[in-house]
Structures are given as C-alpha cells and as structure tokens.
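Engineer:
Protein chains: 2
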Amino acid sequence: MCNTPRTSYRTLICADWVDYNGHLRDAFYLLIFSHATDALMDILGLDEAGRSRTGHTLFTLECHINFLAEVKEAEQVEVRTQLLAHDAKRLHIHHSLYRVGSDACLAQSEQMLMNIDSAAGRAALFDAQIADRVAQLAAEQQDLPRPTCVGRVIGLRR
Amino acid sequence: MCNTPRTSYRTLICADWVDYNGHLRDAFYLLIFSHATDALMDILGLDEAGRSRTGHTLFTLECHINFLAEVKEAEQVEVRTQLLAHDAKRLHIHHSLYRVGSDACLAQSEQMLMNIDSAAGRAALFDAQIADRVAQLAAEQQDLPRPTCVGRVIGLRR
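Going down the list, the protein sequences come from chains W and D.
Sequential numbering from 1 applies to the first sequence in the numbering used here.
Sequential numbering from 1001 applies to the second sequence in the numbering used here.
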C-alpha cells in the first residue's frame, strides 16, 4: 500500500516546448505524460526487453487532459502516476504534473491504454508476468483517492 | 453554410514524431491538432497582428483525444476543424485527422479554448471583431453533424 501515486518521470521544460506565449504548449504536456507512460511500461515489465519477450506493447486508445496552470521554459517538473482500473488487456491510468518540490497540480491526464500484440496488430491479453505486476500495482494503489478531473465531459452549458 | 468542416492544417509526419513502434506518438497527434488550433486563430483574426491589437490569446483549458488508427513517418495528413459551440469567451471545437485524399478518420480531438487577456493573465470577453468572426463561423457550420467521439467519458465497465 502507498499513500501517494508513483513518481514516474522528471524533466526540465525545453525551449522547443514553449509557444509564442512563452508557455509550455498543450501538446508538450502530453509529451511529458507520454514519457511517463513509457516509465509505467518499464515498471510493469514492458520495457524494451519485456516487449521483445512478450511481443506486446501498449497503445493509447484515448486520453483527456486538463490544463490547470502555465508552465515556463527551464522549470523542472515531475509526473505522478496512478492506476485507476484495469482488465485483462486494458489499463485506465491517471498522470498528474507538478513542479518538483510543489504539490500544486499543473495538469491532469486520464488515459486508456490497450495491450497490443505487435506482430498481429491486435489487442491481446496481458502476458502472465505483466498481469501479475499490474495486479501488484493495483493492490499498492487501491486506497488512493480518485483524482479530481477523472470522468469529465467537455462542454458548454446551453 | 458548408457541408464539411474546414481544412485547417496539413503536414508531413516527421521522423522526430514517431516512437519505438514506428508510429506517430500520442503527443504528436496533439501537436498537429495544436497547429490546427493556431490556424483556427488565424481564421478568427487572432493571428499575431490580431493578438497584438486585442491583447488577447486563446488557451486550451481541456482536451479529449481518440486515437483511431496508426500513422507512419512521411505520411501526409490534414486536420478538419469544426466549431461545436461558443459563448462570450469560450470556444468548444473539434479537430479530426485524415490522410490527405482519404475520408477514413485517424483521430479526433474535442477541445475547450478560453479567450485570455495576456497582460492580466485572466479570461476576457472576445474582442468585438473576433466575436463577429466566431459568430460567422458558427453560422457557416451550424448544420454539420456532431462528430462521433464528442462527449465521451473514459472508463472500464465494472
């Protein structure tokens, strides 16, 4: 058990990632979360060796991002990652972005990932060893609170 | 009136945008959509000159992306953009991604954009000229069908 999501990735904000406003461009929040998903794959045993052994990889099916605060060039940020739910071939995950040393959330992203047999190009059940690690992470994180932005629908009131 | 969304952006898929699977990485779908949002800003008069005149810009508050098909390096793609709804300071928009010459949708993204007074760093009503252009685009696109992925919630059935 643990009482905080796992810190999965840290990076400096590169000059290439800021837009004409001088702020981190929307797509590069997702690039940071994408690298955090790679780190989660390492945690679950789907690193390069694991992908080679199983023939499996993860694809992002769907994601939702809430941009909560501006981030500027050269700031150091970290992603904290939480497994919300899973089944035999999918992971419902949540990433949140913070400045290193701060607990003020800068952005949240909820994502659905699918386990894919790379050769067949089709969804596949998790390999047994990977499924064990998924279950272990789910057990560790089962008491974490549900992040605030999970389950949102985008829209304007009529 | 028009019967298709407006083509807002075309690009080749760069080598830097593909991941270890040889496919466009999730974040770079959003980068393409982000450039399409820049193009929408040009259409609405919030290009560099318009941002300078009004002191306003648009920030992405929230987005949802559905990844529907793989895209490979060197493919040529285009974004078609639709204004779903708006109020006095927000735009609810939808981008869809296609290979040039095809109508098979590769990805969809629904986004909420907020008009921001750059100096104050706060939400602001659209400038009158911009509001006119928003209303004109909304009128042109009012009969377009609602895209299939609008309004989705991410989750696994229990």
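C-beta atoms are modelled at their ideal positions from N, C-alpha and C, and glycine is treated no differently.
The structure displayed is predicted, hence computed values, not measured ones.
So what does DSSP say about D:R1133, is it helix, strand or coil?
Structural biologist: In the three-state reduction of the DSSP assignment, D:R1133 falls in the helix class.
Engineer: Name the one or two DSSP bridge partners that D:E1110 has.
Structural biologist: D:H1064, D:H1094
Engineer: Sorted by chain position, which residues of the same chain lie with C-beta nearer than 7 Å to W:A138's C-beta, five sequence neighbours on each side aside?
Structural biologist: The answer, listed in chain order, is L83, H86.
Engineer: Is the shortest distance between the beta-carbon of W:C63 and the beta-carbons of chain D less than 9 Å?
Structural biologist: yes
Engineer: What does DSSP give as the partner residues of W:N115 in its beta bridges?
Structural biologist: W:L58
Engineer: Which chain B residues are close to D:H1095, counting only those with a beta carbon under 8 Å from its beta carbon?
Structural biologist: As a matter of chain content, chain B is missing from the structure shown, whose protein chains are W and D.
Engineer: Does the beta-carbon of W:R80 have 16 or more other beta-carbons within 10 angstroms, so that it is buried, or is it exposed?
Structural biologist: So W:R80 ends up on the buried side.
Engineer: Can you say whether W:Y20 is buried or exposed, counting buried as having 16 or more other CB atoms within 10 angstroms of its CB?
Structural biologist: exposed
Engineer: For the beta strand (DSSP E) containing W:S34, name the first residue and the last one.
Structural biologist: Run containing W:S34: none in the beta strand (DSSP E); it sits in the alpha helix (DSSP H), 26–43.
Engineer: In this structure, how does DSSP classify D:V1120 when only helix, strand and coil are distinguished?
Structural biologist: Note on residue identity: the sequence assigns Ala, not Val, to residue 1120 of chain D. Coil at D:A1120, not helix or strand.
Engineer: Comparing alpha-carbon positions, which option in W:A119, W:Q76, W:G45 lies nearest W:V134?
Structural biologist: With distances taken between CA atoms, W:V134 lies nearest to W:G45 out of W:A119, W:Q76, W:G45.
Engineer: Since W:A85 meets chain D, which of its residues come closer than 7 Å, beta carbon to beta carbon?
Structural biologist: L1156
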